[in-house]
Structure formats: structure tokens, C-alpha cells
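Under our numbering, think of the first position of the sequence shown as 113, with each following residue one higher. Report on the following structure.
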Amino acid sequence: MYDVVIIGAGITGTVLARDLSHCHLRVAVIEKENDIADGATMANSAIVHTGYDPEPGTLKAKLNVEGARLWPKMCEELGLHYKTVGAYIAACGKEEEDHLDVLAKRAQEREIPYRFLSRQEAKKEEPNLSDNVTKVLDFYTTAVIYPWEAACACMENAIENGADLFLNSECTGIEVLEQGYLVHTPQKDLLARTVVNAAGVYADHIAKMVQKDPGFVMRPRRGEYYVLDQDAQPVKHIIFPVPSAAKGKGVLAVPTVYGNTLIGPNSDYIDDPDDNGTSSDGLAYVRTNISKTLNSIPLNRSIRTFSGVRPASDHADFIIEEAEGLPGFINAASIESPGLASAPGISRYIIDELLSKRIEIVPDKEAKRTRKAPVVLSELSEEERNRMIKENPSYGRIICRCEQVSEGEIIDCIHRPCGAISVKGVKKRVRPGMGRCQGGFCEPLVLNILARELGISPLEVVLDSQKSVILESENRK
Ligand SMILES: Cc1cc2nc3c(=O)[nH]c(=O)nc-3n(C[C@H](O)[C@H](O)[C@H](O)COP(=O)(O)OP(=O)(O)OC[C@H]3O[C@@H](n4cnc5c(N)ncnc54)[C@H](O)[C@@H]3O)c2cc1C
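So, in C-alpha cells, the structure goes:
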């Protein structure tokens, strides 16, 4: 019997699995997809917001501040990218400047560092700021991370401490037992003392398996982006418009950890939670609205568009609570932005405030908190690179020319705990296909490496889901 079964391997589920794996507990994570971090965690702005924005008194405010405080240590322990770029909230005119004062007051109360910049001061740092901008509130400790890397690292650490991960294991039903729950998946049933529902846009669907009326309905909202090439860097800081209740955080420019720039997102309710396409209207909205804060964005340097679906609900706040009348069944729902920034705070809250009332939680002093971070060849000095190549020549064979990813890095990401089993899984972990050619050159090479390392035929290698085979048949022997 598991002490905790977590449904959903996004950032909420994987950070929680890691924290629980540092205690004497049997933990399992079930994920319906063929890889972890395939939901909202895969497609977002990647910002560790400092916590100035959420309304006072909300769980969002509390857990965002707490999460942002915990991220740097977690990144250090797991060898993750964490780049402090700073965030400019750019006001245009008196009314928006007044709202900057509201945000500054919140920041002061939450002990979040900030400073005001005049238009001239801000322009010196960011020459591309629009002439409409009259004043800037600078949250200079704001950072960006690599969300999939974080989820993979947390899951890897949890697995190394004994947690089980079951991919392609959609939760199809839950039985309430006297002493816990029986979680059904097509492959197997898992007996659990407690269950955490971290199923993102499907959180209401899971809750309804045990609750007649969970008291919330998920209302997924899609956000679309442009990704600019690494050498088109129109901004150094994250540039936000002033947030509003109606439009949320608005359309941003975000410098990412690897030097690309994201431009987006819009915010549109959608009927199908799995609809992560892009639309001409959505991208037109992004183009129009980015011009409010920035003068010229080189959208002709866009190498890709994508969208992410926010696990939003009919509630404004996060819903993190034990379901009524169901001891140990915890819903972690409505985890929209700032869910990524809050993830370490959400995990601590679930453990300290909710799970600890139902199961005994004893820290395991022997549990590993760190991991051997993967090599990122392009970040090493020439001397270090040469040493690596001498030790293992596969680090000398460059597979992805755009991102300078070697065969050695790809092999490593396949064989790590929670390793890649699809072309997209490799792309998420070590970036072949993320660059200018978007996989045009390297994808066939990645496919062959996957086949060889997994001991399967190239015809069996999938792009992403189990059904997404790439090659239909051999046409030449
Ligand atoms: C456009 C956009 C921009 C954002 N920007 C930011 C930002 O800059 N900063 C920030 O802090 N937050 C941001 N967010 C919010 C953040 O991405 C989310 O809050 C966070 O990723 C939610 O993580 P999660 O693990 O709760 O959900 P998800 O990542 O969606 O994970 C849920 C998982 O559950 C699985 N699942 C669903 N149903 C089942 C089932 N029946 N059985 C098994 N598994 C199941 C799914 O496949 C999925 O893997 C943004 C979100 C979007 C969409």
C-alpha cells in the first residue's frame, strides 16, 4: 500500500513527489502521458514571480512568496538553471502609475525587493521600451527557470529515493475504501492511504470520481507565444504591462535561460482542455499588445509558435484542500499562474497542513537531496569540453548543430532515472530541436540514438505519445 499516490506529473506533482521522498513514505506518481511535464508545465512563461501580484489574503499570495523563496535552494541542490533577469512592470500614464503604487505596497508588505525607475532610467537599461511608458516598477530579483528540467530533476530525485513513477497510466476511477483509496489505471490498481489530485486541467474530472460536487469547475484558458531566435534579443529584462483583473498579467517579453525570447501570451477560454494549437487571432492579439510596452519586436526572427493551457477554474484562487468527507483525498486544483513559481510552496503546504493530519511524516536523514546534474556541453569551457571528449568520445559528436548538443548528452538523458523515451522527451531534457532548424537536421539522428539505446526498432520510436510513431515502414533494406 502506498502512503501517497499523486495523480499528475506536472510541476505540482513532481515537486511534491520529491519532497515526500525525503521522508519515510511509499510514494507513487501516475501520469496519463508518455512523459512527465506534458501539461501546463511544458508550455508557460517560465517565470519565478516574486509574489507581488496576487490579491492579499489568498493562497496564491502566500504560496507564491514561499515558493519563490524556496526555488533557488532547490535549483542549487538539483543543479538546475536559475537566471535572475529582473522584471519591469511598465506603466503607461497616470492611472497605471497609481497601480504600480498598489503593487509596490503589496511587495513591501511581503518583503519583496523592488525599486521605481523613471522613464529615462528604464530606457537606459531597455532602449526598446515604448515611448508610451512613463514609469517602471522593477522587481530585480525575478528569475526564469527551465520548467521541464525542474520537473524531470524532481522526479529523478524522487525515484532515486524510492518513489515509483507510472507513465501511460491514466487514472480512470477511484474507489473509496475504509482505510484509503483504490486508484484504477488501465495497467494496474494502486492502493493508497492518501491521494493528491494534481491533474491540472483535468482536476475536476478526477475530483468527480469521488465527490458528487467538488465545488469547482475547471475552465482552461489558452495562452499563445512566439519564440524568437537566440541572437534576436530585444530585451534584457522581463517586460510586463501593468496587470489588470480583466486581462491578468498581459502580453510579456521574456528572456529565457537559453537566450531565446518569448513573446506572449494571450488568454482565451477554450472548450477542449487538450487544444494546444495556435490561432491567427491569438497571435494577432499578441502582436498588437506587445507594442504597448515595446517599440519594435523582431517577429521575423520567430523560430516557432506554441501555446499552453492554464489549469484555471471558476475560482480565482488556488484550491488546495482535503475533499469534504474524504480523509486524505487532497485536491490541488486551479493551479494557474503563478503555479510554477509557487510549486515548492504548494508542496510544503500540502505536506505540512494537509497530509500530516492523515499520515505520519518522518524525515529520512539518508534520503538524497542532490543529484549529479547532466553535462551541458555548450556551457563548458573549451578545456572542460576537451576533457569530457577525451573521457567519452560521444561528447565530441555534435547531433544538434543549432543548440550544440552532443550524442553523449542525449545518451545520458535516455539512461537517467525518469529518462527520455521519445524524441520530444529528448528535446525537453537536452534541447535538440529547440534551435533555429527546429529538428530539421537532428531529428532523424535522435530517432536512431533512441532506437539503439532503448533496444527497439526505429519503427517503434515515437515523437511524443505512445501512438505518435514517426516511421511507418522500411522502404529500403
Ligand atoms: C500560458 C501560460 C503561462 C504561464 N506562465 C507562468 C509563469 O511564468 N510562472 C508561473 O509561476 N506559472 C505560470 N503558468 C502556470 C503554470 O504553468 C502552472 O500553474 C503549472 O504548470 C501547473 O502545474 P501542474 O502540475 O499543477 O499541472 P500540469 O503541468 O498541467 O500537470 C498535470 C498533469 O496531470 C496529468 N493528468 C491529467 N489527468 C490525468 C489522469 N486522469 N491520470 C493521470 N494523469 C493525469 C496531465 O497529463 C499532466 O501531466 C503559466 C501557465 C500557462 C498555460
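Every residue, glycine too, gets a C-beta built ideally from N, C-alpha and C. It should be emphasised that the depicted structure is a prediction, and the values quoted were computed from it without experimental measurement.
Tell me whether ASN156 counts as near ligand 1, meaning its Cβ is closer than 7 angstroms to at least one heavy atom of that ligand. yes
If you count every other CB in all the chains shown that lies within 10 Å of the CB of GLU143, and 16 or more means buried, which is it? buried
Assign TYR314 to buried or exposed, taking buried as 16 or more other Cβ atoms, counted over all protein chains shown, within 10 Å of its Cβ. buried
Find the nearest neighbour of GLY163 within the set GLU233, THR254, LEU229 and ALA202, judged by alpha-carbon distance. THR254
Limits of the unbroken beta strand (DSSP E) element including VAL245: It is not in any beta strand (DSSP E) - VAL245 carries neither H nor E in the DSSP assignment.
For LEU395, which of ARG331, PRO377 and ASN412 has the nearest alpha-carbon? Looking at ARG331, PRO377 and ASN412, the one whose alpha-carbon comes closest to that of LEU395 is PRO377.
Smallest Cα separation from PRO556: which of ALA532, ILE511, LEU566 and CYS530? ILE511
Under 7 angstroms Cβ to Cβ from ASP250, same chain only, skipping five residues before and after it: list those, please. Correct list, in chain order: GLY198, TYR200, TYR226, ARG227 and LEU229.
Nearest CA to the CA of GLU145: which residue from ILE402, PHE278 and GLN516? PHE278
What are the start and end residues of the alpha helix (DSSP H) that includes ALA221? Sequence check: residue 221 is Glu here, not Ala. Its alpha helix (DSSP H) spans residues 206 to 221.
Suppose you measure from the CA of TRP260 to the CA of LYS480; what does that come to, to the nearest Å? 20 angstroms
Applying the 10 Å Cβ sphere with the 16-neighbour rule, what's the burial state of ALA428? exposed
Comparing C-alpha positions only, which one of GLY360, VAL339 and ALA365 sits nearest to VAL347? ALA365
Stretch pair the stretch 454 to 469 + the stretch 120 to 128: three plus CB contacts closer than 8 angstroms: yes
Nearest candidate by alpha-carbon position, reference GLY547, set GLY371, GLU572 and ASP115: GLY371
Grab me the residues of ASP115's own chain with a C-beta within less than 6 angstroms of its C-beta, minus the 5 sequence neighbours each way, in chain order. LEU137, ARG138, ARG305 and ILE471
Less than 6 angstroms between C-beta atoms, sequence neighbours within five positions excluded: which residues of the same chain meet that for THR390? GLU336, THR417 and SER419
Taking the alpha carbon of PRO439 as the reference point, which residue from GLY292, SER577 and GLN550 has its own alpha carbon closest? GLY292
If I'm right that ARG588 touches GLU272 with Cβ under 8 angstroms, what's the distance once you round it to whole angstroms? No, ARG588 and GLU272 are not in contact; Cβ-Cβ is about 43 angstroms, not under 8 angstroms.
Under DSSP, the beta strand (DSSP E) around ASP464 begins and ends at which residues? No beta strand (DSSP E) contains ASP464, which DSSP labels as neither H nor E.
Assuming the contact rule is C-beta atoms closer than 8 angstroms, ILE119 and ALA311 should be a hit. Round their C-beta distance to whole Å, please. 5 angstroms
Output needed for SER651: all residues of its chain with C-beta closer than 6 angstroms, excluding positions within five of it in sequence on either side, in chain order. Residue coverage of the chain in this structure runs from 113 to 589, which leaves residue 651 outside it and unanswerable.
Candidates VAL307, GLU586 and ILE159, of which the one nearest TRP68 by Cα: This structure cannot settle anything about residue 68, because the visible part of the chain is limited to 113 through 589.
In or out: ILE257 buried (at least 16 other Cβ within 10 Å) or exposed? buried
Cβ atoms of GLY545 and GLY537: under 8 angstroms apart, would you say? no
If you measure between the beta carbons of LEU303 and MET500, is that distance less than 8 angstroms? no
Hey, is TYR370 close to ligand 1, as in C-beta under 7 angstroms from one of its heavy atoms? no
Pairwise C-alpha distance: ILE286 and VAL295: 5 angstroms
For a test of the three-state rule: what should DSSP assign to TYR200, helix, strand or coil? strand
Expected contact under 8 angstroms - CB spacing of ILE375 and VAL398 to nearest Å: The beta-carbon separation of ILE375 and VAL398, rounded to 6 angstroms, stays under the 8 angstroms limit for a contact.
Figure out for me which residue from ARG513, ALA319 and ARG333 has the closest Cα to the Cα of GLY327. ALA319
Mind checking whether THR246 and CYS204 have CB atoms under 8 angstroms apart? yes
Cβ atoms of LEU212 and VAL354: under 8 angstroms apart, would you say? yes
Hey, how far is the Cα of ILE123 from the Cα of ALA152? 9 angstroms
For ASN407, verify whether its CB is less than 7 angstroms away from any heavy atom of ligand 3. This structure simply doesn't include ligand 3; it includes ligand 1 instead.
Is the beta carbon of VAL421 within less than 7 angstroms of some heavy atom of ligand 1? yes
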